[in-house]
């Protein structure tokens with residue numbers, strides 16, 4: 021044989037056969053498989069619900085903290101509280117004075133009605149006079 | 200389907216997978232192609248996917264795996280082909296994947312080129328060329344062996 025021509029040959033079948041009774045139970049097997057393959061769809065949110073809620077809580081707190089954490093307004097503090105604070109703090113008179121501006125100093129001015137004898141007594145019995153002069 | 204995967208048990212799996220896929224996707228079928236072509240396309244893709252996955256699981260290329268399947272045909276109780284039919288299957292297994300598909304669908308299943316074009320999404324000219332090359336290679340193999 022010098023050549024083999026497929027079109028001129030008798031038709032060659034594939035050789036495969038369908039098993040007998042193959043399709044008798046096919047429907048039942050298929051329906052069972054369809055039932056197995058149908059998985060419930062669970063969204064990412066439902067699956068990780070607790071994580072989402074935790075993240076949301078942290079974000080809300082993070083946004084709210086700057087609004088809740090307002091600094092104390094100095095004008096609302098009474099004098100007694102301020103004096104106690106200053107007495108217990110380690111701020112020196114020098115540091116305290118540097119914190120004052122002109123408006124603060126003007127506000128501290130007092131007109132004292134004092135006679136000469138009262139002034140002499142104050143100077144005589146005040147042991148810290150030299151410190152005040154030095155400062 | 201059996202023509203593609205060669206093994207009966209594999210063909211059984213692929214057939215069921217195909218029906219499941221058709222069942223799940225029937226609502227998405229908009230009639231852009233013929234129903235027959237749509238079904239056939241799903242079946243073909245399922246068979247190829249199955250074959251490639253099985254080859255990978257066995258650590259082989261798809262081509263090598265198919266060669267092995269053909270060699271097992273003689274012992275397959277669901278293959279009742281004679282010597283020439285077995286030789287033809289061996290010749291087909293040596294072809295590239297696309298030529299195998301075209302040849303099997305055209306020669307064994309006698310599908311028209313227009314139907315093949317719809318199923319394989321290839322031009323009729325391309326399909327005719329593939330079939331022509333496939334036939335030439337098969338004829339050479341049959342002559343030498």
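Residue numbers (the numbering used here), protein chains in the order written: chain A, 21 to 155; chain B, 200 to 344. In this text, a Cβ means the ideal position worked out from N, Cα and C, and glycines have one as well.
Whole-angstrom distance between residue j and residue i, CA atom to CA atom
| i | j | result |
| --- | --- | --- |
| residue 333/B | residue 70/A | 60 Å |
| residue 78/A | residue 54/A | 43 Å |
| residue 252/B | residue 83/A | 51 Å |
| residue 22/A | residue 339/B | 11 Å |
| residue 212/B | residue 221/B | 14 Å |
| residue 66/A | residue 72/A | 9 Å |
| residue 302/B | residue 56/A | 36 Å |
| residue 98/A | residue 128/A | 16 Å |
| residue 88/A | residue 112/A | 32 Å |
| residue 299/B | residue 51/A | 32 Å |
| residue 204/B | residue 63/A | 36 Å |
| residue 341/B | residue 291/B | 10 Å |
| residue 80/A | residue 86/A | 11 Å |
| residue 266/B | residue 295/B | 12 Å |
| residue 236/B | residue 25/A | 30 Å |
Segment limits, alpha helix (DSSP H) that includes residue i
| i | result |
| --- | --- |
| residue 331/B | 323-343 |
| residue 228/B | Careful: residue 228/B lies outside any alpha helix (DSSP H) and carries neither H nor E. |
| residue 130/A | Looking at the DSSP string, residue 130/A is not in any alpha helix (DSSP H), and its letter there is neither H nor E. |
| residue 82/A | 69-88 |
| residue 99/A | 99-108 |
| residue 223/B | 207-224 |
| residue 317/B | 312-319 |
| residue 137/A | 136-144 |
| residue 203/B | 201-204 |
Candidates the options, of which the one nearest residue i by Cα
| i | options | result |
| --- | --- | --- |
| residue 289/B | 227/B, 222/B, 212/B and 344/B | 344/B |
| residue 293/B | 260/B, 201/B and 218/B | 260/B |
| residue 326/B | 262/B, 297/B and 204/B | 297/B |
| residue 250/B | 231/B, 314/B, 316/B and 202/B | 202/B |
| residue 223/B | 337/B, 238/B, 263/B and 266/B | 238/B |
| residue 40/A | 263/B, 277/B, 322/B and 267/B | 277/B |
| residue 156/B | 274/B, 307/B and 315/B | This structure does not reach residue 156/B, given that chain B is present from 200 up to 344, and the question cannot be answered. |
| residue 214/B | 244/B, 231/B, 229/B and 227/B | 244/B |
| residue 329/B | 200/B, 305/B and 318/B | 305/B |
Residue i (DSSP reduced to helix, strand or coil)
| i | result |
| --- | --- |
| residue 307/B | helix |
| residue 46/A | helix |
| residue 264/B | helix |
| residue 24/A | coil |
| residue 295/B | coil |
| residue 122/A | helix |
| residue 233/B | coil |
| residue 247/B | helix |
| residue 111/A | coil |
| residue 258/B | coil |
| residue 288/B | helix |
| residue 56/A | helix |
| residue 29/A | coil |
Per DSSP, cross-strand counterpart(s) of residue i
| i | result |
| --- | --- |
| residue 278/B | 36/A |
Near the ligand HEM: residue i beta-carbon under 7 Å from a heavy atom
| i | result |
| --- | --- |
| residue 110/A | Among the components of this structure there are no ligands whatsoever, and the ligand HEM is therefore not found. |
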